[in-house]
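For the sequence shown, the numbering used here begins at 27 and goes up steadily by one. Structure first, commentary second.
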Amino acid sequence: MLPPEIESRIFKDLRTCALNYRHGAEGNPTWTTRIAHDICRHGEEAGYWAAALRFKPKYQRMNSIRNEWLFDAVWLKYIGENLVSIPLAMECEWGTDSEIDDDFQKLIVSRASLRVMVFGDRNLKNDTTAERLWLSAKLFEESAGDRYLLAGFENLEDGWTFYRFTVGEGLEKCDAFGHATSEPAQFRWNTIKN
């Protein structure tokens, strides 16, 4: 199990990325790369081997030029040469509902302690997408206790909506700092405070 401050760091990373995107939207592949690399840096700081597309890890474990390992970003824990756990797995998808669902299914079957799904919802319906993903995880057999963070990006004006859940419990909407809220957690650009 990862310490709770890891979730807070991830929310902070996404908040920071959102500010960067606001000042220079470069396209979805660039956003995925930036988010994945930020997540990987935190994984390395926490002592894990981290992998993402075009991420240059401190410690090379594979003879891969691209360094991607199954997910858009992943933290791996090794003892010697043996993989013993996957503390975090992350997928980013900026496409259709079907494409978001396909990437989310990769997370459902992973054995990561924390699964992070970052998505861009072209139809501006993050709540519906989050509820659909929560239900999908809930219906998967033998998934009780699995932990997820969701971050839905709507557009450059409205920004992010954040969610988290543990399978077997309810879907929780969060503010941009990862705190539970009963208010809409839509992240507004004019409220950014780093």
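Glycine is no exception: its CB is placed at the ideal position from the N, C-alpha and C atoms.
Quick one: Cα of residue i to Cα of residue j, how far?
i, j, result
"residue 136", "residue 117", "11 Å"
"residue 170", "residue 152", "24 Å"
"residue 38", "residue 108", "32 Å"
"residue 90", "residue 201", "Caution is warranted here: a pLDDT of 43 is assigned to residue 90, below 50, making its placement in the model unreliable, and no coordinate value can be reported."
"residue 63", "residue 54", "14 Å"
"residue 49", "residue 32", "The predicted model places residue 49 with a pLDDT of 48, which falls under 50 and marks its position as unreliable; any figure quoted below should be read in that light. Those two C-alpha atoms are separated by around 26 Å."
"residue 42", "residue 119", "19 Å"
"residue 216", "residue 186", "Here the model assigns residue 216 a pLDDT of 32, short of 50, so the residue's position is not dependable and the matter cannot be decided."
"residue 102", "residue 140", "12 Å"
"residue 34", "residue 68", "12 Å"
"residue 111", "residue 175", "19 Å"
"residue 113", "residue 138", "5 Å"
"residue 121", "residue 128", "11 Å"
"residue 146", "residue 98", "15 Å"
"residue 36", "residue 65", "7 Å"
"residue 96", "residue 132", "9 Å"
Does DSSP classify residue i as helix, strand or coil?
i, result
"residue 37", "helix"
"residue 170", "coil"
"residue 62", "helix"
"residue 133", "helix"
"residue 73", "coil"
"residue 195", "strand"
Could you check whether residue j and residue i sit closer than 8 Å to each other, using their CB atoms as the reference points?
i, j, result
"residue 197", "residue 167", "no"
"residue 188", "residue 177", "yes"
"residue 104", "residue 57", "no"
"residue 28", "residue 61", "no"
"residue 159", "residue 130", "yes"
"residue 162", "residue 134", "yes"
"residue 172", "residue 192", "yes"
"residue 83", "residue 70", "yes"
Over the uninterrupted beta strand (DSSP E) stretch that includes residue i, give me the two end residues.
i, result
"residue 119", "108-119"
"residue 188", "186-192"
"residue 82", "Run containing residue 82: none; DSSP gives neither H nor E here."
"residue 99", "99-105"
"residue 140", "140-146"
Please work out which residues of its chain come closer than 8 Å, Cβ to Cβ, to residue i, disregarding the five sequence neighbours upstream and downstream, and give them in chain order.
i, result
"residue 92", "Low confidence applies to residue 92: its pLDDT is 46, below 50, so where it sits in the model is not reliable, and the reading given next is rough at best. Counting only Cβ-Cβ distances below 8 Å, and skipping sequence neighbours, we find 79 and 80."
So the alpha helix (DSSP H) residue i belongs to, where does it begin and stop?
i, result
"residue 154", "152-165"
Within its chain, find whatever has a CB closer than 6 Å to the CB of residue i; leave out the 5 residues flanking it on each side and keep chain order.
i, result
"residue 100", "77 and 115"
"residue 194", "170"
"residue 204", "33, 34 and 37"
Excluding the 5 residues flanking residue i on each side, which residues of the same chain have their C-beta closer than 7 Å to its C-beta?
i, result
"residue 59", "79 and 80"
Between residue i and chain C, is the shortest Cβ-Cβ distance under 8 Å, so that the two count as touching?
i, result
"residue 162", "Absent here is chain C; the protein component of the structure consists of one chain."
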